[in-house]
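Going line by line, the protein sequences match chains A and B.
Everything in the first sequence is counted per our numbering, starting at 37 for the first residue and increasing by one.
Everything in the second sequence is counted per our numbering, starting at 46 for the first residue and increasing by one.
Built from N, CA and C at the ideal position, the CB exists for glycine as well.
Quantities reported herein were computed from a predicted structural model and do not represent experimental measurements.
Just below is one structure, and these are the notes that go with it.
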Amino acid sequence: ILNVEQSPQSLHVQEGDSTNFTCSFPSSNFYALHWYRWETAKSPEALFVMTLNGDEKKKGQISATLNTKEGYSYLYIKGSQPEDSATYLCAFLRSNDYKLSFGAGTTVTVRA
Amino acid sequence: EAGVVQSPRYKIIEKKQPVAFWCNPISGHNTLYWYLQNLGQGPELLIRYENEEAVDDSQLPKDRFSAERLKGVDSTLKIQPAELGDSAVYLCASSLDRHNEQFFGPGTRLTVL
Chain A
37 ILNVEQSPQS LHVQEGDSTN FTCSFPSSNF YALHWYRWET AKSPEALFVM TLNGDEKKKG
97 QISATLNTKE GYSYLYIKGS QPEDSATYLC AFLRSNDYKL SFGAGTTVTV RA
Chain B
46 EAGVVQSPRY KIIEKKQPVA FWCNPISGHN TLYWYLQNLG QGPELLIRYE NEEAVDDSQL
106 PKDRFSAERL KGVDSTLKIQ PAELGDSAVY LCASSLDRHN EQFFGPGTRL TVL
């Protein structure tokens, strides 16, 4: 079992504010780091697949960075909107067996 | 394009009863996954198929769980007999291959009484 840790477990943000949270993962046998967004009553949806150390990806007001040497990734939400409320899952794809291991997620609630 | 389809969406059964879940992946996706998701935790892989071959079933409790993917398309996950601790959300996902992003179905929420 791989240790993929996400923090904080949950956070509340005022509409318009920016926020960020962390995913930590093993620094060995790295192939890729996935981020998914899971809204209530919907299916998890891929946000980013990151493969290179120093990668930065952006989708609308959401962006992510990757540090494979120290084993962490940050997800940033700029100018949070109520529709950004969801659980954000990160997942580590291991290079030796291509098994995807998920963290427990960070649940973001944006208050209007 | 249709996404990953799962049925049923909800299932309530009594313990010791059998139950089956069905998944239809996105057309052309070779890799299919079944995950178990307990409240407050991330999805945990039960089994991964590449085409019709189960390439990783190390986390599948084989005494009561079974799965099949006939002709490398649809898949069925079965539990027989179900136990109280099996209550969870069962997610199916598919991807073009094992390297790519995964596309998830809506899940089946199982309640065992």
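Listed by chain order, chain A residues near residue i by CB distance under 8 Å
| i | result |
| --- | --- |
| B/Arg143 | Tyr134 |
Beta-carbon proximity of residue i to residue j, cut-off 8 Å
| i | j | result |
| --- | --- | --- |
| B/Phe149 | B/Leu141 | no |
| B/Leu81 | B/Ile92 | no |
| B/Gly87 | A/Gly139 | yes |
| A/Asn56 | A/Leu111 | yes |
| A/Phe66 | A/Ser131 | yes |
| A/Leu47 | A/Phe128 | no |
| B/Thr153 | B/Ser132 | no |
| A/Ser79 | B/Gly48 | yes |
| A/Cys126 | A/Trp71 | yes |
| A/Asn89 | A/Thr104 | yes |
| A/Gly141 | A/Ser54 | no |
| B/Ala99 | B/Ala112 | yes |
| B/Lys123 | B/Ala65 | yes |
| A/Gln45 | A/Thr58 | no |
| B/Gln147 | A/Ala77 | no |
Neighbourhood of residue i by C-beta distance below 6 Å, restricted to the same chain and skipping five residues each side
| i | result |
| --- | --- |
| B/Leu158 | Glu59 |
According to DSSP, residues forming a beta bridge with residue i
| i | result |
| --- | --- |
| A/Leu125 | A/Tyr72 |
| B/Ser140 | B/Thr76 |
| B/Ala18 | With chain B covering 46 to 158 only, the question about residue 18 of chain B has no answer from this structure. |
| A/Thr143 | A/Ser46 and A/Thr123 |
| B/Ile92 | B/Trp79 |
| B/Arg54 | Paired residues: none, contrary to the question. |
| A/Lys94 | A/Ser99 |
Nearest to residue i (by Cα), restricted to the options the options
| i | options | result |
| --- | --- | --- |
| B/Thr121 | B/Gly73, B/Asp108 and B/Glu97 | B/Glu97 |
| A/Phe84 | B/Asn145, B/Pro151, B/Gly152 and B/Gly130 | B/Asn145 |
| A/Glu51 | A/Lys135, A/Gln117 and A/Ser131 | A/Gln117 |
| A/Met86 | A/Gly96, A/Ser43 and A/Tyr108 | A/Tyr108 |
| B/Arg54 | B/Arg143, B/Gln147 and B/Val134 | B/Val134 |
| A/Asp133 | B/Ser52, B/Ser103, B/Ser72 and B/Asn83 | B/Ser103 |
Cβ neighbours of residue i in the same chain (closer than 7 Å, five flanking residues each side left out)
| i | result |
| --- | --- |
| A/Asp120 | Ile113, Val144 and Val146 |
| B/Ile57 | Thr156 and Leu158 |
| A/Gln64 | Note that residue 64 of chain A is Ser in the sequence shown, not Gln. Excluding sequence neighbours, A/Ser64 sits near nothing in its chain. |
| B/Leu129 | Lys60 and Val157 |
| A/Ala122 | Arg73, Trp74, Glu75 and Val144 |
Contacting residues, own chain, Cβ-Cβ under 8 Å from residue i (five flanking each side not counted)
| i | result |
| --- | --- |
| B/Leu77 | Cys68, Pro70, Arg93, Tyr94, Arg114, Ser120, Cys137, Ala138 and Ser139 |
| B/Pro63 | Lys123, Ile124, Gln125, Pro126 and Ala127 |
| B/Phe110 | Leu91, Leu122, Lys123 and Ile124 |
Cβ of residue i within 8 Å of any chain D Cβ
| i | result |
| --- | --- |
| A/Ala122 | Although the question refers to chain D, the structure presented lacks it and instead comprises the protein chains A and B. |
Under 7 Å from the C-beta of residue i: neighbouring residues of chain A
| i | result |
| --- | --- |
| B/Pro149 | Correcting the residue identity first, residue 149 of chain B is Phe in this sequence and not Pro. Chain A residues near B/Phe149: Ser79 and Pro80. |
Under 7 Å from the C-beta of residue i: neighbouring residues of chain B
| i | result |
| --- | --- |
| A/His70 | Glu146 |
Contact list for residue i against chain B, beta-carbon separation under 9 Å
| i | result |
| --- | --- |
| A/Phe138 | Tyr80, Gln82, Gln86, Gly87, Pro88, Glu89 and Leu90 |
| A/Leu125 | Gly87 and Pro88 |
| A/Gly141 | Gly85, Gln86 and Gly87 |
| A/Val85 | His144, Asn145 and Glu146 |
Residues that residue i contacts on chain A, provided the C-beta gap is smaller than 9 Å
| i | result |
| --- | --- |
| B/Gly48 | Ser79 |
| B/Asp101 | Asp133, Tyr134 and Lys135 |
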